[in-house]
Amino acid sequence: MSLNTKADFTALMHKILGPLKPLYSDGGARLNLGDTGVTYAPDAIEMEAFSRPLWALVPFWAGGGVDADFEKIYKNGIINGTDPESCEYWGGFVDYDQRFVEMAALACGIIFTPEKLWNPLSDAQKQNLATWLDGINHHFIPECNWQFFMILVNLALKSVGMPYDAENTEKGLQKIESYYIGEGWYRDGAAPQRDYYIPWAFHYYGLIYAQLMQDEQPSRAKLFRDRAAEFAKQYIYWFADDGSALPYGRSLAYRFAQNSFFSVCVWAGLDALPLDVMKGIITRNFEWWLSKPIFDRDGILTIGYAYPNLLMAERYNAPGSPYWCMKSFILLGLPDDHPFWQAKAAPMPPLDPLMKCTCADMLIARQNGAVTAYTPGVNELYGHGNVPQKYAKFAYSTAFGFSVSRSNFVLNEACPDSMLAFEIDDNIFVRKRSDDFEILDDRILSKWTPFPNITVETEITPTADGHIRRHKIISEIECTAYDCGFAVERFRAGECSQNVQGGSAGVKNNKGGCAVICTSGTGEGGILTADPNTNVLAQNTFIPYIKYSVAKGTTEMETTVCTFVK
937 MSLNTKADFT ALMHKILGPL KPLYSDGGAR LNLGDTGVTY APDAIEMEAF
987 SRPLWALVPF WAGGGVDADF EKIYKNGIIN GTDPESCEYW GGFVDYDQRF
1037 VEMAALACGI IFTPEKLWNP LSDAQKQNLA TWLDGINHHF IPECNWQFFM
1087 ILVNLALKSV GMPYDAENTE KGLQKIESYY IGEGWYRDGA APQRDYYIPW
1137 AFHYYGLIYA QLMQDEQPSR AKLFRDRAAE FAKQYIYWFA DDGSALPYGR
1187 SLAYRFAQNS FFSVCVWAGL DALPLDVMKG IITRNFEWWL SKPIFDRDGI
1237 LTIGYAYPNL LMAERYNAPG SPYWCMKSFI LLGLPDDHPF WQAKAAPMPP
1287 LDPLMKCTCA DMLIARQNGA VTAYTPGVNE LYGHGNVPQK YAKFAYSTAF
1337 GFSVSRSNFV LNEACPDSML AFEIDDNIFV RKRSDDFEIL DDRILSKWTP
1387 FPNITVETEI TPTADGHIRR HKIISEIECT AYDCGFAVER FRAGECSQNV
1437 QGGSAGVKNN KGGCAVICTS GTGEGGILTA DPNTNVLAQN TFIPYIKYSV
1487 AKGTTEMETT VCTFVK
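Following the working numbering, the numbering of the sequence shown begins with 937 at its first residue and continues without gaps.
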């Protein structure tokens, strides 16, 4: 599907949202898209599915779009969802309530399209909606990007002359300010990792706030805009030439929300990068995603990444959660004659082959248009599921993705691609996070403890065609360690061949490949057949590895990882 004009993007929005129309409840307030469970109740699950399409519909309406069916659904849905006497009432609240997240889309609807979602309501219905939204001011919300949900809700209430909490809003803004690190990067509250919540949450909402408040708070608006512009200089490195973006961190089920940062930059009139470059990133990312089996047979977005996959999903990924990706359609709020619609998508500009992101805690390398991020293992270990797999591997790649564990009992279920995995007492242990680390201009140093009485010092040095790993292991027990390369697609990328010779092992297919070589120490090559559906990009993979014997005392080893991408 070609994406160039406003009509193209509008058609894509309809293609994605159209299959939802017959699935709304009779009163319009609920949307049941499946039966899988999450940490919140069914009322919130169905309200979330109702809310998230608004991230596209609101800019579509604001930009002059017309869809009478959706207008009716959402007007009736808001009326019934906020009426305590309705059988479709969305319910009251508890601290940390998921419905606070979903309020942000409703708030933007009130702000940008009051003629659709506010003005048609009666006075009593407006009061119900305002009262329901105000609930966010009377419960605890996490001290992270969630503060923006409360801020946007209060801006919405203010915009239509309803009571709002100015003090709470200012406190939230001050908390956002306290999260700022530098170079355009925030921390997501107390969480030490840097992930997609910085572009698609902090900067996305920050630029919306800047647009709304540029006259009333010009200095704060400028601050949000300046930070987004600075962030863009590093975030561009997360995108490969083929349009894919770095599979890294949590919430990857939101898929093409990856490009929403550049979309909101264009919408806000922020020249973070040349307009044609941003259009190229946006359109290629959309096109890459549309080439993947991310919809079911009814056209409904699935939970997963490059294919439906519950194994890598978050505990908060409900059936409607993937529609968070509709945030990228904020572009539809642009006028018909905006230069973006006439611009020609430009290829990626020349970028450094290796870039140090100090505030993001990573080195980012480019090889033949593909992206590899080298990370030191910084994460909020117990905050979410599969954290070691999503944040603590040695490297993450747009070409090879990463794998999540099915169990830690055997190697093929642990799937420790891009990790040094220790086999002890019939269990697999990997780096969960680093005890200490240092990011230099050309390599990453980390110190970590996979198991009591085992300490590992690891040095990762990127090279032109991969990287070199040097490990110093101090152990009080004898065990076995597997230094694993990237996971290579097994079935769906043409012929896949394997090669094991002494201290080396390699796998390649028609798209590329990975080889691991023992270059210091005594290692034996091998290839692991990973359990199905463990890799975020490929349903079936092989993982080459070097097997080392770890003695009591000090063991040193060096593994060279070579990759090629076609």
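A virtual CB, placed ideally from N, CA and C, is assigned to each residue, including glycine.
So, is residue i buried or exposed, given that buried needs 16 or more other C-beta atoms within 10 angstroms?
i, result
"N1304", "exposed"
"R1251", "exposed"
"T1470", "buried"
"E984", "buried"
"A1126", "exposed"
"M937", "exposed"
"L1246", "exposed"
"H1139", "buried"
"H1403", "buried"
"G1076", "Strictly speaking, residue 1076 in this sequence is Phe, with Gly absent from that position. Exposed, since its Cβ has fewer than 16 Cβ neighbours within 10 Å."
"R1400", "According to the sequence displayed, residue 1400 carries Ala and not Arg. So A1400 counts as exposed."
"L1091", "buried"
"C1023", "exposed"
"R1191", "buried"
"T1521", "No answer is possible for residue 1521: the residues shown for the chain start at 937 and end at 1502."
"A943", "exposed"
"E1038", "buried"
"G1013", "buried"
"R1220", "buried"
"D1419", "buried"
"Q1083", "buried"
I'd like the span of the alpha helix (DSSP H) that includes residue i, first residue to last.
i, result
"W1224", "L1211 to L1226"
"V994", "L990 to A998"
"F1387", "Element bounds for F1387: not the alpha helix (DSSP H) but the beta strand (DSSP E), I1380 to F1387."
"I1112", "A1102 to S1114"
"N1348", "L1347 to A1350"
"E1007", "A1004 to G1017"
"S987", "P978 to S987"
"L1042", "Q1034 to F1048"
From residue i to residue j, what does the alpha carbon distance come to, in whole angstroms?
i, j, result
"G1235", "V1340", "26 Å"
"N1445", "A1309", "22 Å"
"F1265", "A1004", "19 Å"
"A992", "M949", "7 Å"
"P1480", "F1358", "15 Å"
"H1407", "V1497", "13 Å"
"E1106", "E1395", "44 Å"
"V994", "L1209", "25 Å"
"I1144", "E1103", "20 Å"
"M1098", "A1066", "7 Å"
"W1203", "G1216", "15 Å"
"Q1110", "Y1116", "10 Å"
"W1260", "P989", "8 Å"
"C1351", "K1329", "11 Å"
"E908", "Q1325", "Residue 908 cannot be examined here, being either before or after the span of the chain that is shown, 937 to 1502."
"G1489", "G1256", "52 Å"
"S1196", "D1151", "25 Å"
"F1365", "Q1434", "26 Å"
"D1361", "E1223", "46 Å"
"I1046", "M1086", "14 Å"
"N968", "A1429", "35 Å"
"D979", "F1029", "11 Å"
"L1299", "I1390", "26 Å"
Please report the Cβ distance between residue i and residue j, rounded to the nearest whole angstrom; I am assuming they are in contact, meaning their Cβ atoms lie under 8 Å.
i, j, result
"V1472", "L1188", "6 Å"
"F1231", "I1218", "20 Å between Cβ atoms; not a contact."
"V1486", "C1415", "5 Å"
"Q1333", "V1314", "Per the sequence shown, the amino acid found at residue 1333 is Ser instead of Gln. At roughly 18 Å, the Cβ-Cβ gap does not stay under 8 Å, so S1333 and V1314 are not in contact."
"I1453", "T1495", "7 Å"
"L1088", "A1040", "5 Å"
"D1467", "R1342", "5 Å"
"G1319", "A1474", "Between A1474 and G1319 the Cβ distance is about 27 Å, and since that is not below 8 Å, they are no contact."
"N1476", "R1426", "4 Å"
Assuming residue i is part of the beta strand (DSSP E), what are its boundary residues?
i, result
"H1407", "G1402 to S1411"
"R1302", "M1298 to Q1303"
"D1419", "C1415 to C1420"
"E1395", "I1390 to T1399"
"T1477", "T1477 to V1486"
"Q1434", "S1433 to Q1437"
"N1363", "N1363 to F1365"
Is any heavy atom of the ligand SAM found at a distance shorter than 7 Å from the C-beta of residue i?
i, result
"S1485", "This structure lacks the ligand SAM; in fact it carries no ligand of any kind."
> Between the region 1282 to 1295 and the region 1158 to 1173, do at least 3 Cβ pairs fall closer than 8 Å?
Replying inline: Taking a cut-off of 8 Å for Cβ pairs, the region 1282 to 1295 and the region 1158 to 1173 touch, as three or more such pairs fall below it.
> So, do the region 1359 to 1374 and the region 1424 to 1441 have three or more beta carbon pairs nearer to each other than 8 Å?
Replying inline: Taking a cut-off of 8 Å for Cβ pairs, the region 1359 to 1374 and the region 1424 to 1441 do not touch, as fewer than three such pairs fall below it.
> Is there contact between the region 952 to 968 and the region 1008 to 1025, where contact requires at least three CB pairs shorter than 8 Å?
Replying inline: In short, these stretches touch, since the Cβ pair count reaches three.
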